[in-house]
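In the order they appear, the protein sequences are chains A and B.
The first sequence: position 579 = 618 (this note's numbering), numbered continuously.
The second sequence: position 68 = 74 (this note's numbering), numbered continuously.
Here's the structure we're looking at; comments come further down.
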Amino acid sequence: MTDVVHPVHGEVHRHPAPTSFIRKYVFSTDHKVIGIQYWCLALFSVMVGMAMSALMRLQLGWPGQEWGFLKTLMPNAAETGTISGELYLSMLTMHGTIMVFFVLTTAPQGGFGNYFLPIQIGAADMAFPVLNMLSFWITFLALVVLLSAPFADSIAPFLGMDAASNVIGPIGGWTGYAPLSALGERAGPGQGLGVVLWVTSIALFCIASLLGALNFITTMLNMRTRGMSLMRLPLTCWAWFTTAVLALLSFPVLLAAGILLLLDHLALTSFFIPANEYVNGKLVTDHAGGSPILWQHLFWFFGHPEVYIAILPGMGLTGHILATFSRKPIFGYRAMVYAIFAIGLLGFFVWGHHMFISGMSPYSAIAFSLITLTIGVPSAIKTFNWLGTLWGGQIRFTTPMLFAIGFVSLFVSGGITGLFLGQTSIDLPLHDTYFVVGHFHLIMGVAAIFGMFAGTYFWFPKMFGKMMHEGMGKLHFLLTFIGVNAIFIPMHIMGMAGQTRRYSFHWNPVTGEGLHYLSNMTPLTRFVSWAAFFTITVQLIFLVNLVWSLAKGKRASENPWEATSLEWTISSPPPHDNFAGVEPVVHRGAYEFSVPGASKDYLMQTDAGGPAEVHGD
Amino acid sequence: MGKITGILMFVVAIGTVLLFKFGSALWWFPHGISENAGPIDAQFNRTLTVVAIAFVAAQIALGYAVMKFGRKGDARAVYTHGSNKLEAVWTIVTAVVFVFLAILGQRVWISLHLTAAADNAARAEVVAQQFQWNFHYPGADGVLGKTEAKYIDDSSLNFVGLDPTDAAGRDDAQLTTLIVPKDRQVELTLRSKDVIHSFFVPALRFKQDTLPGMAIKIHFTAKEEGKYEIPCAELCGSLHYNMKTNMVVIPADEYDRLVAMPEEKIKEQLGELLQRYQYQ
């Protein structure tokens with residue numbers, strides 16, 4: 040038999056929705072389900088990470104104080120009710136790793152990107168649905184491994200290891216600098232199984248992100264619907280695409296570094312351990328020939344692009360939302376796309392600014408410094424164009440719009456201090472102080488999280504078919520915006536005063552221990568702690584809003600925001616195959632608002648009638 | 007809502023300026039005592055001026071836009087796709103300002119890292135370990151004895167690993183406080199025995215990681231007598247927060263007399279020195 044009857048195109052991709060619970064909600068290959076899974080994973084992770092911030096701010100504000108509730112909460116780690124130096128560092132390591140990898144990298148890309156990239160380009164699913172499912176479940180496994188790290192003490196006996204040497208989780212910060220992280224238990228508590236689990240988790244995460252990145256890139260390049268030319272794409276798609284390219288090029292380097300670190304740990308190799316180490320009273324004789332600085336180069340070659348992996352999706356979404364609710368086209372669409380590329384590209388040449396004082400060549404420090412300051416230029420272009428998009432608009436102050444506006448403000452506040460840190464000379468006093476902590480929390484922490492909030496309020500109606508409560512949303516924005524500024528802006532001053540990072544306390548006003556030159560910082564430190572408790576508390580409004588809206592929220596129409604991109608042409612929530620088997624046809628760009636001569640103040644990308652598309656940019 | 011949001015942006019801009027303006031009386035850089043402190047602070051202030059103008063302008067523009075361009079009935083927004091001219095002007099202006107700052111920002115770095123120390127500089131070695139700073143002085147002969155890892159023995163206080171067979175090392179001193187002369191250049195060789203630490207002296211506006219397997223030379227001149235703290239600035243293990251010591255700056259002639267003494271004598275005098283000065 041040679042005559043194969045080809046099915047009609049369009050039917051090929053129409054696979055029926057799975058019916059079993061497991062295939063539908065657990066091991067689903069539907070990008071929408073996977074997107075929600077990523078989003079839930081990030082929501083869970085951010086709560087764990089935030090709880091740790093609260094405990095750390097408790098210790099920093101009131102060092103050495105006994106807290107009765109801690110004895111109940113952590114009977115082993117805090118049996119006296121105080122937060123020890125080890126416990127503090129362990130929480131700090133977990134906080135950083137959870138937040139950077141499992142919140143900032145998962146929700147904006149794995150969550151919203153997964154859910155909306157295929158729909159915004161008019162595809163029925165991602166290019167490789169099974170790969171997509173795998174990347175989520177490997178991420179999930181990575182999270183489980185990471186969360187087990189603080190319990191290394193209890194796990195060790197099952198692996199035939201010595202239990203007593205693993206006091207509490209990994210100690211190394213999210214950057215895990217070698218050789219401390221490579222030497223194992225002899226380098227002190229928290230360097231044994233805890234670190235092994237930590238780096239295993241990161242390696243797994245790298246694999247998952249790689250699979251995801253391949254999928255995003257292929258999907259965006261190959262699966263755009265008819266008429267969806269590159270310059271008609273929503274900015275969100277450009278941001279997800281560039282993020283995926285960054286991930287594809289940077290995660291393999293971290294994966295390699297992680298494997299080398301594991302080998303140093305477990306197989307007596309010496310990639311990061313030099314000869315003649317004398318650690319904790321003993322000469323190290325089983326390692327020689329490694330470089331202590333190599334880890335930093337590999338780590339930051341990944342680590343700097345990672346900053347943009349966290350923030351680019353938020354930048355794309357901010358432009359998208361600002362245009363939608365200003366009812367104006369993006370100001371300088373092409374410039375925005377090119378600025379995203381420029382940031383992505385330059386992001387690969389500046390990793391050395393994390394290493395000015397690391398002992399690398401002072402000449403390369405100068406080169407890294409000059410390139411670093413030029414990265415401010417595309418960032419300034421983006422800010423300028425966001426303002427240009429608002430200018431002359433008819434702004435509708437919905438909750439997603441407020442968070443997008445907040446994003447712009449925080450992006451400016453957090454980004455602009457890079458002008459200090461990028462200069463070699465000024466970095467000398469500021470490196471590894473709270474100035475850096477304030478800087479990166481504002482930009483890659485809080486600004487990125489504002490992007491996620493904006494995304495949640497914006498797309499919740501599409502994802503769940505219900506509107507979120509606007510009143511609660513607005514209150515959540517106001518209080519959170521005040522709170523985060525109150526936490527992170529004073530941190531810059533602490534850093535100038537010389538407050539070092541990763542200290543469980545700087546000055547104890549009760550015992551008079553600590554650094555004397557910081558003895559006057561207590562009021563500011565406590566203010567920041569109070570601001571942190573306030574900000575964490577007001578996040579309850581968000582959680583309540585989520586639950587309330589899922590249960591009682593107003594039914595969402597197809598296009599509640601009167602937006603233009605393709606996800607708003609289908610029902611809320613969308614059918615299993617997104618467009619119900621009908622391939623959408625795109626006739627114009629994503630930001631045709633207030634077009635003169637049009638009957639309403641927006642034209643959907645699928646609108647064939649109305650005034651013809653103009654290329655004003 | 008536009009009004010409230012706009013006001014919020016103004017509050018962020020003005021509040022930050024006020025915090026820096028009036029907070030600086032209470033909280034700022036510690037008093038700087040090195041030849042580099044002045045130029046670094048000056049460059050910081052120059053950058054602060056640029057940053058403050060850009061920051062305030064951006065927040066105020068954002069606040070103004072959200073207050074001014076709120077929805078008015080069914081009116082349509084301005085239909086524009088942007089302006090290439092404005093885009094180009096803005097790009098050039100920011101590029102020039104940022105690159106200019108970046109170039110100015112290398113000056114101290116170059117004098118610090120790309121020039122050699124003076125011949126008559128006072129020399130000593132810094133050997134970091136979990137969780138202690140060791141300082142190795144050359145003694146009366148002015149020559150640092152050979153050190154090797156195999157001779158390190160913390161239990162017999164040979165922290166830096168002085169070679170007992172090297173004659174130049176017999177008069178060397180190992181201290182846990184850094185003593186430096188006032189107004190004379192100091193050249194330190196930074197090493198680490200175990201993991202990465204960071205030699206941070208806020209009063210000098212200086213920081214440099216110390217690495218196992220590497221010897222990094224740095225130099226500075228302390229201009230004021232006094233006692234200054236040296237915290238470790240790179241996470242080095244469970245007691246990182248506890249890794250700190252003092253740097254004592256004393257008159258140069260006293261310094262010369264002191265470091266020519268045997269180790270026990272220097273240690274005897276250290277107590278008095280640490281008492282002499284208040285923390286800055």
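Each residue gets a CB set at the ideal place from its N, CA and C atoms; glycine is no exception.
Same chain, Cβ closer than 7 Å to residue i, five either side skipped, listed in chain order
{"i": "A/T413", "result": "L385"}
{"i": "A/A536", "result": "L557 and M560"}
{"i": "A/P623", "result": "G161, T264, L605, T608 and T645"}
{"i": "A/L684", "result": "Because chain A is modelled from 40 through 656, residue 684 of chain A falls outside the range shown and cannot be assessed."}
{"i": "A/M375", "result": "L274, G358, I369, K421 and N424"}
{"i": "A/L514", "result": "I580"}
Alpha-carbon to alpha-carbon, residue j and residue i
{"i": "A/L294", "j": "A/N254", "result": "18 Å"}
{"i": "A/T275", "j": "A/T438", "result": "18 Å"}
{"i": "A/L143", "j": "A/G297", "result": "20 Å"}
{"i": "A/G457", "j": "A/H478", "result": "7 Å"}
{"i": "A/F436", "j": "A/L249", "result": "38 Å"}
{"i": "B/P36", "j": "A/A590", "result": "55 Å"}
{"i": "A/V318", "j": "B/P218", "result": "10 Å"}
{"i": "A/N205", "j": "A/T411", "result": "In this prediction, A/N205 scores a pLDDT of 42, lower than 50, which makes its location untrustworthy; the coordinate-derived value is nonetheless stated afterwards. About 40 Å."}
{"i": "B/F205", "j": "B/Q214", "result": "5 Å"}
{"i": "B/Q275", "j": "B/T182", "result": "13 Å"}
{"i": "A/G329", "j": "A/L299", "result": "11 Å"}
{"i": "B/W33", "j": "A/M533", "result": "7 Å"}
{"i": "B/A174", "j": "B/T227", "result": "26 Å"}
{"i": "A/P417", "j": "B/A101", "result": "9 Å"}
{"i": "A/G208", "j": "B/Y157", "result": "34 Å"}
{"i": "A/W279", "j": "A/I158", "result": "13 Å"}
{"i": "A/F388", "j": "A/P344", "result": "9 Å"}
{"i": "A/F341", "j": "B/D172", "result": "46 Å"}
Sequence-distant residues of its chain with Cβ nearer than 8 Å to residue i (five each side left out)
{"i": "A/G636", "result": "G649 and P650"}
{"i": "A/H626", "result": "G266, Q644, T645, D646, A647 and E652"}
{"i": "A/K321", "result": "R225"}
Same chain, Cβ closer than 6 Å to residue i, neighbours up to 5 away in sequence not counted
{"i": "B/G232", "result": "V255, Y283 and Q286"}
{"i": "A/G74", "result": "G150, N153 and Y154"}
{"i": "B/N248", "result": "F137"}
{"i": "A/A181", "result": "S240, L243 and F244"}
{"i": "A/G628", "result": "R271"}
{"i": "A/S174", "result": "A247, L250 and G251"}
{"i": "B/E41", "result": "T227"}
Buried/exposed call for residue i, threshold 16 Cβ in 10 Å
{"i": "A/F423", "result": "buried"}
{"i": "B/I222", "result": "buried"}
{"i": "A/H592", "result": "The sequence given here places Gly at residue 592 of chain A; His does not occur at that position. Its Cβ being crowded by 16 or more others within 10 Å, A/G592 is buried."}
{"i": "A/P55", "result": "exposed"}
{"i": "A/P102", "result": "buried"}
{"i": "A/D471", "result": "buried"}
{"i": "B/T121", "result": "exposed"}
{"i": "B/D262", "result": "exposed"}
{"i": "B/T216", "result": "buried"}
{"i": "A/M507", "result": "buried"}
{"i": "A/I61", "result": "exposed"}
{"i": "A/Y402", "result": "exposed"}
{"i": "B/S244", "result": "buried"}
{"i": "A/F568", "result": "For the sequence presented, residue 568 of chain A should be read as Ser rather than Phe. Classification of A/S568: buried, given that the 10 Å Cβ count is 16 or more."}
Below-7 Å beta-carbon distance, residue i vs any chain E residue
{"i": "B/D160", "result": "You won't find chain E in this structure, because its protein chains are A and B."}
What are the residues in the stretch 12-23 of chain B lying within 7 Å of chain A by C-beta distance? L14, M15, V18 and T22
Listed in chain order, which residues of the stretch 211-236 of chain B have Cβ atoms closer than 7 Å to some Cβ of chain A? R211, F212, K213, Q214, D215, L217, P218, G219, M220, I222 and E235
My parser needs the alpha helix (DSSP H) runs of 4 or more residues fully inside the stretch 560-611 of chain A; what are they? 561-591
Which runs of the alpha helix (DSSP H), 4 residues or longer, sit entirely within the stretch 13-80 of chain B? Every unbroken stretch of the alpha helix (DSSP H) spanning 4 or more residues and falling wholly within the stretch 13-80 of chain B is given here in chain order: 43-74.
Starting from the N-terminal side, write out each stretch of the alpha helix (DSSP H) that is 4 residues or longer and does not extend beyond the stretch 444-524 of chain A. 457-460, 463-469, 473-479 and 487-503
Chain-ordered residues of the stretch 409-423 of chain A with a beta carbon less than 8 Å from chain B: Hits within the stretch, in order: L409, T411, L412, T413, G415, V416, A419, I420, T422 and F423.
Quick one, which residues of the stretch 426-439 of chain A are near chain B if we go by CB-CB under 8 Å, in chain order? L426, G427, L429, W430, G431, G432, Q433, I434, R435 and F436
Which parts of the stretch 114-151 of chain B are runs of the beta strand (DSSP E), unbroken and 3 residues or longer, counting only runs that do not cross its ends? 128-135 and 138-143
Could you list the residues in the stretch 33-44 of chain B with a C-beta less than 7 Å from some C-beta on chain A, going in chain order? W33, W34, F35 and P36
Listed from N- to C-terminal order along the chain, which residues in the stretch 83-108 of chain B have their beta-carbon within a distance smaller than 8 Å of any beta-carbon of chain A? A83, V84, Y85, T86, H87, G88, S89, N90, L92, E93, W96, T97, T100, A101, F104, V105, L107 and A108
Could you name the residues of the stretch 241-270 of chain B whose beta carbon sits closer than 8 Å to any beta carbon of chain A, in the order they occur along the chain? L241, C242, G243, S244, L245, H246, Y247, N248 and K250
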